[in-house]
Amino acid sequence: MDTSSVVPASVGHVNQKHNEDWVRKYEKATALLKVRTLCADHFLFMIQEADKALDAIFSGNLQLLALNKTSLGLFLANCMVQLREGPPAPITHTWETILWAVMYLVKFWRPEFRKCITIFQSKASKLWILRVFNDTEMCPNFRLRLELLFFFGMWPEEDLRSKRVGDQVAIGLVSTTSRLELHHVLPDEMHLSFVYSLTRALHNCFKSGQLVTIASAAIGQVKNLLVGPEVQCLARLVEVASQTVVQLVEWFQEGSLGASLIIEVIEIIFILFRLLLTGSPTKAAYECPGLVQTAAASFFTATSSIVNAATALQVQDAKSYRWLLTDMDDLFGTMAVQEEPQSVMAVMRRNHGQCFSAINQQAADSGYPLYHLPRPCEEQTDNCPEMYIDSVTQQVMEAPVLLKSSKMIVDESTLVHLLLVSPTDPFTRCPLYPGSYTRLPHLRDDIVVWRNRSLFDDITR
127 MDTSSVVPAS VGHVNQKHNE DWVRKYEKAT ALLKVRTLCA DHFLFMIQEA
177 DKALDAIFSG NLQLLALNKT SLGLFLANCM VQLREGPPAP ITHTWETILW
227 AVMYLVKFWR PEFRKCITIF QSKASKLWIL RVFNDTEMCP NFRLRLELLF
277 FFGMWPEEDL RSKRVGDQVA IGLVSTTSRL ELHHVLPDEM HLSFVYSLTR
327 ALHNCFKSGQ LVTIASAAIG QVKNLLVGPE VQCLARLVEV ASQTVVQLVE
377 WFQEGSLGAS LIIEVIEIIF ILFRLLLTGS PTKAAYECPG LVQTAAASFF
427 TATSSIVNAA TALQVQDAKS YRWLLTDMDD LFGTMAVQEE PQSVMAVMRR
477 NHGQCFSAIN QQAADSGYPL YHLPRPCEEQ TDNCPEMYID SVTQQVMEAP
527 VLLKSSKMIV DESTLVHLLL VSPTDPFTRC PLYPGSYTRL PHLRDDIVVW
577 RNRSLFDDIT R
């Protein structure tokens, strides 16, 4: 490792002799880290010594500190792979602690570091990261495997476009994001949001075609009234994206984070929403029963949260806020052009139309009206036969399903939601599993006839 490329010869804001002492300590630690016979405990100790040296050398210069911590993390990833040559062995105990230490450093990476970093991951290191990302036996710790997504945020696009790499990234994405939670993705002042690396990995899966496999599997599962990892993955992506926006806005209102950082992360989240909700093939997956309601509610909640904080965000960073509102409105415009009866836009119009009217007024009051928000189009259920009403949501059903344990009837979308959230019959608490529910095609046909007749009556009235 060429430490001159990582540690400057002179740092003006610290005592020169003090700085030289810490540089020597850093060089000694990194030299020992390259020794292939180093035991795990000694390797971990040297990581801590090198990290401590960087803290001293770059005290007060957060940008250089982040850059050099990232370089150290990449260097350590290469060294770790060399130490673990041979048959794959589980990453547990001290080795797990070492990988956590590497991830702590790698997470300091930022997109602007691409032209500054002089330490690059070896091909062997990248292949090892991919293997760990996908292999639950090699890395039993789910959270640690999820953290490895940060590496994909910094890899060149040509690496991720490779079919071999892309396939492995896609498999790992499904297995990890199907268990995604809010606390996994939240940013802090020093570390770039996990959302950036996640969005970049998904974008490259989209470009290389791997999202087709994920979306097709999800569509097939819903058609068979099943919820597998692909459906869970797509549901968690939009739900956690929405929850992140809400949490960031709350932090901003509490004064914990500034407007610029909040808006920067939210802009990335809306890139994620655009990719998932308007891009082929995931758009089709999010039109499936259950997934479309999840996506509509998530997108509505995120939009509402941002507009509720409009005035305060605008005061702190008017330019960025204006761009964010423009991007939001443009995304709504794209969804409006693509609108179909079972699209996310149509469901938002039916389920949240009245609320969007209030949101639009708030946005207009802030000086930036949103022109493409869904207009109300709520279905009237006053004259609807009770047998056509979902027993849980009290809305007119599209595709009725009988829950055998309770003999109650719900829509397919409600069943999928139950399978995602709590796979039990809400009326009996009996488990829901294939065979415990069945479609009612004749009732579905009756609902279609009633709907068409009601629409005709409305037109001729």
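For any residue, its number in the numbering used here is found by taking its place in the sequence shown, counting from 1, and adding 126. Every residue gets a Cβ at the ideal spot worked out from N, C-alpha and C, and that includes glycine.
Cut-off 7 Å between Cβ atoms - residues of its own chain near D572, not counting five sequence neighbours on either side: none
How long is the line joining the alpha carbons of L256 and G354, rounded to whole angstroms? 22 Å
Proximity below 7 Å, CB of I388 to CB of L401: no
For Y322, does the three-state DSSP call read helix, strand or coil? helix
Buried or exposed for Q294, going by 16 or more other Cβ atoms inside 10 Å? buried
Close-in-space but distant-in-sequence residues of the same chain around L209 (CB under 7 Å, 5 per side omitted): R162, L164, F169
Touch test, the region 196-204 against the region 233-249, Cβ-Cβ under 8 Å, three pairs minimum: yes
Less than 6 Å between C-beta atoms, sequence neighbours within five positions excluded: which residues of the same chain meet that for S334? R287, G292
With burial defined as no fewer than 16 other Cβ atoms inside 10 Å of the residue's Cβ, what is the status of F276: buried or exposed? buried
Here's the rule I'm using: 16 or more other beta-carbon atoms within 10 Å means buried, otherwise exposed. How should A422 be labelled? buried
Strand pairing of I535, partner residues [DSSP]: L528
Just reading off the alpha helix (DSSP H) that T452 is part of, what are its end residues? 444-463
Does DSSP put V522 in a helix, a strand or coil? strand
In chain order, what residues of the same chain lie with their CB nearer than 6 Å to the CB of I394, ignoring the 5 residues before and after it? V321, Y322, T325
Nearest-angstrom Cα distance between Y494 and A385? 17 Å
Measuring CB atoms only, is the region 350-368 touching the region 304-314, in the sense that at least three cross pairs come out at less than 8 Å? yes
Do V372 and I392 have their C-beta atoms closer together than 7 Å? no
List the endpoints of the continuous beta strand (DSSP E) containing T564. 563-565
Quick check: the region 477-489 against the region 522-540, are at least 3 beta-carbon pairs closer than 8 Å? no
Exposed unless 16 or more other CB atoms sit within 10 angstroms - verdict on S382: exposed
Measuring from the CB of D571, is there a heavy atom of the ligand ADP at a distance below 6 Å? This structure does not include the ligand ADP; it has no bound ligands of any sort.
Which of the three DSSP states, helix, strand or coil, is assigned to I224? helix
Residue range of the alpha helix (DSSP H) that I245 falls in? Counting along the chain, I245 falls outside any alpha helix (DSSP H), and DSSP gives it neither H nor E.
Looking at R362: is its Cβ nearer than 7 Å to the Cβ of L306? yes
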